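Quick mapping for you: the protein sequence lines, in order, are chains X and Z.
Here the first sequence stands for residues 8 to 338, numbered as in the numbering used here.
Here the second sequence stands for residues 8 to 338, numbered as in the numbering used here.
C-beta: ideal position from N, C-alpha, C; glycine also.
Every value quoted in this text rests on a predicted model; they were computed, and no experiment measured them.
Read through the structure below, which is laid out as structure tokens, and then see the notes.
There are 2 protein chains.
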Amino acid sequence: MSVLTGPVEIVGTGLIGTSIALACRRAGLDVLLSDTAPEHVRTASGLGTTIRAALDAAAPDTVVTDVGSVKAAPLDAVAGHPAASRYVGSHPMAGTEHSGPLSANPFLFDGRPWAIAAGPGAAPAAIRVVQALVELCGALPVRLTPAEHDKAVARTSHVPHLLASLVAGTLAGAAPEHLALSGTGVRDVTRVAGGDPQLYSQIIGGNASAVAALLAEVRDRLDLLLEAVGSGDRAGLESLLSHGLAGTRAIPGKHGGPPQPMVELHVAVPDHPGELARLFADAGDSGVNIEDVRIDHDPGRPVGLVELDVAAERAEELRAALESKGWVTHR
Amino acid sequence: MSVLTGPVEIVGTGLIGTSIALACRRAGLDVLLSDTAPEHVRTASGLGTTIRAALDAAAPDTVVTDVGSVKAAPLDAVAGHPAASRYVGSHPMAGTEHSGPLSANPFLFDGRPWAIAAGPGAAPAAIRVVQALVELCGALPVRLTPAEHDKAVARTSHVPHLLASLVAGTLAGAAPEHLALSGTGVRDVTRVAGGDPQLYSQIIGGNASAVAALLAEVRDRLDLLLEAVGSGDRAGLESLLSHGLAGTRAIPGKHGGPPQPMVELHVAVPDHPGELARLFADAGDSGVNIEDVRIDHDPGRPVGLVELDVAAERAEELRAALESKGWVTHR
């Protein structure tokens, strides 16, 4: 018998909460769902109050977790509570901050990392229960201390968001004829900065010390960069760019493996319904798996350029197959 | 009769040069193609030498342009040349720095911006010839002074690239269990930092003063950001994020129009050949145009999550059509 027995009470019926509920029901557990105002689970103080209330109200062997995007602050909020050892924070890497609750599904967490960030006082049995929940949802448990978790998301999420926002800020108020030269690069870099400022100021503000520490490192490197650019030090500039290149290669590849050598194949596609379907049908017939797709949105372009990323050793095969069906491709 | 008559001599047979050659041939012009070592057209000094040689060798009414990614430096390089008034620099926003010459095509420039950056001494007739070339290639001429052009690409290309590289640099050497929490956001932000450091140090180094000026502004805002994060000033943080949001909205939308309200629809897709084809066939049947596509690469996930971006007013229609074919979607 699993260490995880119902009933499971879920507070908050957004995408994440409802998807967990569906996964629990799929596993045959009883589920109690209760709604709450978003500020009760989004802000650190609201979340702390909610967790303490859950510890107060629950039966003595109940385990409490939360799915907030920072983990040190809610742990601090339960410090001193007599049942604090039954709280184990967690953080599933699924859904987006933009996602509404419209269409939760029990597969949302399949194969996704789900951080389990137990504090030093957490009961081992409580950790096992949270781990069982993560596994029941099909996710991959990643054990980190709360402080490590918060440093990790500062690095992989909060600081990238802030820097994207700074880049986007340089575009606000720029001359339209300058912005007309925008390509896919700047669109990629700034995409996350389109998120809700109020929500992200709460999330990032809730992880202030880890974010500030890393941001200070970035500022030091920015000073080096300014120095290299300003003094015409091409070797120094190249060295900083090489450090960035090494960083892009450190991001885990698909399915957690090392990044595979990939090739980008560009295909011209008329911009109306059905053409993408035809392209993917032809690509599917080739038997080559497409690892990623991007559509080039350069302004004014009546024919879209679709980028297909494929494993390097299959690229020529895909290219030949598409050309044989009349597609214009280039690498 | 067009102001542009052949023969057109093209130095450099990479993707851009060969595509221009094909567009000229399509228009019935005689074309002379000559290859050159990449460093002759990539570096500012090599490019200047090549342009001066072209002005020396050409007939007295020949117009010379270049397609380099900065425009003030090559203009400086021809200063004092007796035929300098026949040089008009330009910069097509097409192809990528990664693109090889493998598959040039005459449609590469269709509907793309192509900057024309005439210096103050350029002959009006020479500008008209370059404009005719841009139009012959199907591109949209954007007239800017060389200094304006270089400021524009510092903003829309070089500074975003450098900041992406700084973010990527924070990932180099990070603990694998921290990097396991990487999602699509950080992948988007850092993607351009995967470019060749040597090439980009030449490009960015060739635009040092515009880049340094903008980078200094970014550093000042980064200081404000650090101050806001460090002091717990949520309102200040939110204000900086709002400025970034405004910037993302300033980027021109598809086909040069104002950005349209878009909705992201997420669809779970098994990760093997043919499934994307089936998805796009079903989407195509719905008659709703898909504006952008992204495939979520979170590690370990056996089922891919595909993001379809569609006009907000058509999203529900697409969603219903896909659900009716058995796809699991969420927003």
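At a cut-off of 9 angstroms, the C-beta of Z/T72 has no neighbouring C-beta in chain X. Counting along the chain, the unbroken beta strand (DSSP E) around X/R150 starts and ends at 147–150. The residue among Z/L54, Z/R226, Z/C31 with its C-alpha nearest the C-alpha of Z/L11 is Z/C31. Along the segment 218–229 of chain Z, the positions whose C-beta sits under 9 angstroms from a C-beta of chain X are V218, A219, L221, L222, A223, E224, V225, R226, R228, L229, read in chain order. Following the DSSP letters along the chain, one finds Z/V174 inside the alpha helix (DSSP H) bounded by residues 166–176.
By the Cβ rule, the segment 208–221 of chain Z counts as touching the segment 231–248 of chain X, because three or more pairs are nearer than 8 angstroms.
Within the model, the alpha-carbon separation for Z/G251 versus Z/G239 is close to 19 angstroms.
Taken atom to atom, the span from the alpha-carbon of Z/V174 to that of Z/A217 is near 21 angstroms.
One thing to note: Z/L36 has its Cβ no nearer than 9 angstroms to the Cβ of Z/A111.
Under the Cβ distance rule, X/Q138 does not count among the residues neighbouring chain Z, no pair being separated by less than 9 angstroms. Here the alpha carbon of X/S76 sits roughly 44 angstroms from the alpha carbon of Z/F116. In terms of beta-carbon proximity, X/V95 stays away from the interface with chain Z, with every pair separated by 9 angstroms or more. Straight-line measurement puts the Cα of Z/P81 at about 26 angstroms from the Cα of Z/E224. For a Cβ distance threshold of 7 angstroms, residue set G291 of chain Z lies close to X/G281, ordered along the chain. Residues of chain Z whose Cβ lies closer than 8 angstroms to the Cβ of X/H185 are, in chain order, L151, E155, K158, A159, R162, T163.
Looking only at X/D68, X/G87, X/F114, the smallest Cα-Cα distance to X/P99 is reached by X/F114. Taking 9 angstroms as the threshold, the shortest C-beta distance from X/A284 to chain Z falls below it.
The beta carbon of X/R33 sits no closer than 9 angstroms to any beta carbon of chain Z. The three-state secondary structure of X/A182, taken from DSSP, is coil. Exposure of Z/G13 is indicated by the presence of fewer than 16 other C-beta atoms within 10 angstroms of its C-beta. Neighbourhood of X/A253 in chain Z, by CB distance below 7 angstroms: A179, in chain order.
Beta-bridge partners of Z/G190 (DSSP): none assigned.
Taking a Cβ-Cβ cut-off of 7 angstroms, the neighbours of Z/D195 in chain X comprise D195, R198, V199, given in sequence order. Under a criterion of Cβ atoms nearer than 7 angstroms, the residues of chain Z adjacent to X/E245 are, in order, P204, Q205, S208. Around the beta carbon of X/K78, a 10 Å sphere encloses 16 or more other beta carbons of the protein chains shown; the residue is thus reported as buried. Annotation for Z/V137: the continuous alpha helix (DSSP H) segment containing it runs 131–143. For Z/I134, no chain X residue has a Cβ inside 7 angstroms of its Cβ, as the nearest lies near 16 angstroms away. X/I258 belongs to the set of residues whose beta carbon lies under 9 angstroms from a beta carbon in chain Z. Using a Cβ-Cβ cut-off of 9 angstroms, X/L248 counts as an interface residue toward chain Z, since at least one Cβ of chain Z sits closer than that to its own. Annotation for Z/E155: the continuous alpha helix (DSSP H) segment containing it runs 153–160.
The residue among X/N296, X/V300, X/M269 with its C-alpha nearest the C-alpha of X/L283 is X/V300. Within chain Z, the residues whose beta carbon sits less than 8 angstroms from that of X/R301 are D299, V300, R301, listed in sequence order. Here the alpha carbons of Z/T57 and Z/V335 stand approximately 57 angstroms from one another. Here X/G180 is exposed: its Cβ has fewer than 16 other Cβ atoms, across all protein chains shown, within 10 Å.
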